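> Numbering (the working numbering), first residue to last: 27 to 316. The C-beta atom is built at its ideal place from N, Cα and C for all residues, glycine as well. Treat the numbers as computed from the prediction; the structure is a model and nothing was measured.
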């Protein structure tokens, strides 16, 4: 299966949210990484046909999704950034309701809802009202509703925003589990949420794709531009004002800085392998940090 965009563009009156995006997405986890305001949500809404593009095309296996209509929607699972739910529904009743909207018959809906509640670790809370759930539990219920129709394309917009570290790890594991034989597009501005599970990374900035490839491919661009340099605490203040510093570590009264720079920041600086977080800082310095 192949989902392809050709010069996809979305303009508003004073802003271009998505500009000439040409991508080919295949099975596996595709991480969509960018600062807030980069255009990630608009791009995902275009893929879900919730918004119409100003220009450009979206093709599924070579066929325009505009012509596929309902046949395309049946293949989609979507978890929006602001997941809507009925607080007085139980988790099980909510999934039955969502199943009816997706056209599942009652018997199939009950079976699928129970299976998914088990998969996302909520089967013991199936009869609890959603208003009593934690943020992580609501997000897991959200991914369950997105999976009700067994989608071939799963689109998740900032699914880990606001979750604590434990819930974020649990959610990443769920995404990896559901990614088998599906195209998964996972949007985030949190680097650690994609670096361990994404097979492809899309770096998006001001509505444009600035990098697309495997983590190792895109990270290689800044090979030789990341350094560790140990200095005094007083020097550390100066270096953080002069350079882009992705990490700062204190040891034995000294400060070890991780610096992104085209040249060695000092005579004893040591070149180190870059990470995805280094690359993020390289492209998004001045934007919201991960």
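Return the CA-CA distance between residue 256 and residue 267, expressed in angstroms with no decimal places.
On the chain shown, position 230 is the one that residue 256 refers to. On the chain shown, position 241 is the one that residue 267 refers to. Taking the straight line from one Cα to the other gives about 16 Å.
> Going by the CB atoms, is the gap between residue 190 and residue 213 shorter than 8 Å?
Along the chain shown, one-based indexing puts residue 213 at 187. Along the chain shown, one-based indexing puts residue 190 at 164. Cβ atoms of residue 213 and residue 190: not closer than 8 Å.
> Can you have a look at residue 233 and say buried or exposed, based on whether 16 or more other CB atoms are within 10 angstroms of its CB?
In the chain shown, the residue the question calls residue 233 occupies position 207. Per the 10 Å Cβ criterion, buried.
> If distances are taken between C-alpha atoms only, which option among 167, 174, 153 and 142 comes closest to residue 131?
The residue given as residue 131 occupies position 105 in the chain shown. Comparing Cα positions, the closest option is 174.
> Reducing DSSP to helix, strand and coil, say where residue 315 ends up.
Taking the chain shown and counting its residues from 1, one reaches residue 315 at position 289. Any answer about residue 315 is weak, because its pLDDT of 38 lies below 50 and its placement is not dependable; what the coordinates show is given next. In the structure shown, residue 315 sits in coil (DSSP, three-state: anything other than H, G, I, E or B).
> Judging by CA-CA distance, which residue of 259, 303, 249 and 117 is the nearest neighbour of residue 290?
As a working note, residue 290 is residue 264 in the chain shown. The shortest Cα separation from residue 290 among 259, 303, 249 and 117 belongs to 249.
> Do you know offhand how far residue 171's Cα is from residue 37's?
Taking the chain shown and counting its residues from 1, one reaches residue 171 at position 145. Taking the chain shown and counting its residues from 1, one reaches residue 37 at position 11. Each residue's alpha carbon lies about 31 Å from the other.
> In the structure shown, what three-state DSSP assignment does residue 198 receive?
On the chain shown, residue 198 is found 172 positions in, with the first residue counted as 1. DSSP places residue 198 in helix when its eight states are reduced to three.
> In the region 249-296, which residue ranges form an unbroken beta strand (DSSP E) of at least 3 residues, counting only runs that do not cross its ends?
252-257, 270-277 and 280-286
> Compute the Euclidean distance between the alpha carbons of residue 70 and residue 181, then round it to the nearest angstrom.
By 1-based counting over the chain shown, the position of residue 70 is 44. By 1-based counting over the chain shown, the position of residue 181 is 155. The straight-line gap from Cα to Cα measures roughly 7 Å.
> Could you tell me which residues DSSP pairs with residue 36 in its beta bridges?
Your numbering for residue 36 matches position 10 in the chain shown. DSSP lists 44 as partners of residue 36.
> When DSSP labels each residue in this structure, what does residue 156 get in the three-state scheme?
Looking up residue 156 in the chain shown gives position 130. Looking at residue 156 - three-state DSSP - the assignment turns out to be helix.
> In this structure, how does DSSP classify residue 133 when only helix, strand and coil are distinguished?
For this step, residue 133 is matched to residue 107 along the chain shown. The answer is helix: DSSP assigns residue 133 an H, G or I state.
> Identify which residue in 161, 225 and 288 has its Cα closest to the Cα of residue 185.
The count along the chain shown starts at 1 and reaches residue 185 at position 159. Residue 185 has its Cα closest to that of 161, out of 161, 225 and 288.
> Just to confirm the assignment, what range does the beta strand (DSSP E) spanning residue 212 have?
For this step, residue 212 is matched to residue 186 along the chain shown. It spans 209-214 - the beta strand (DSSP E) in which residue 212 sits, taken as one unbroken run.
> Should residue 179 and residue 208 be called a contact, given that it needs their Cβ atoms to be closer than 8 Å?
As a position in the chain shown, residue 179 is number 153, starting the count at 1. As a position in the chain shown, residue 208 is number 182, starting the count at 1. Taking 8 Å as the Cβ cut-off, residue 179 and residue 208 qualify as a contacting pair.
> Any idea what DSSP makes of residue 104, helix, strand or coil?
Position 78 of the chain shown, counting from 1, holds the residue named residue 104. In the structure shown, residue 104 falls within a strand segment according to DSSP collapsed to helix, strand and coil.
> Measure the CB-CB distance between residue 228 and residue 305 and report whether it falls below 8 Å.
By 1-based counting over the chain shown, the position of residue 228 is 202. By 1-based counting over the chain shown, the position of residue 305 is 279. It is not a contact, given that the beta carbons lie outside the stated cut-off.
> Who are the Cβ neighbours of residue 57 in its own chain at under 6 Å, not counting the five residues just before and after it?
Taking the first residue of the chain shown as 1, we reach residue 57 at position 31. Counting only Cβ-Cβ distances below 6 Å, and skipping sequence neighbours, we find 212, 220, 224 and 227.
> What residues match up with residue 29 in a beta bridge as DSSP calls it?
Counting from one through the chain shown, the residue named residue 29 turns up at place 3. Partner(s): 51 and 86.
> Classify residue 79: buried if its beta carbon has 16 or more other beta carbons within 10 angstroms, exposed otherwise.
In the chain shown, counting from the first residue as 1, residue 79 sits at position 53. With 16 or more other Cβ atoms within 10 Å, it is buried.
> Between the alpha carbons of residue 108 and residue 247, how many angstroms are there, rounded?
Numbered from its first residue, the chain shown carries residue 108 at position 82. Numbered from its first residue, the chain shown carries residue 247 at position 221. Their backbone Cα atoms lie some 34 Å apart in a straight line.
> Would you report the Cα separation of residue 294 and residue 278, rounded to the nearest angstrom?
As a first step, residue 294 must be located in the chain shown, where it is residue number 268. As a first step, residue 278 must be located in the chain shown, where it is residue number 252. Going by the C-alpha atoms only, they are around 18 Å apart.
> Who are the near neighbours of residue 314 in its chain, counting only those whose CB is closer than 6 Å to its CB and skipping five residues on each side?
In the chain shown, the residue the question calls residue 314 occupies position 288. A caution first: residue 314 carries a pLDDT of 46, below 50, which makes its placement in the model unreliable, though a value can still be read off. Sequence-distant partners of residue 314 (beyond 5 residues in either direction) whose C-beta falls short of 6 Å from its own C-beta, in its chain, are 61 and 62.
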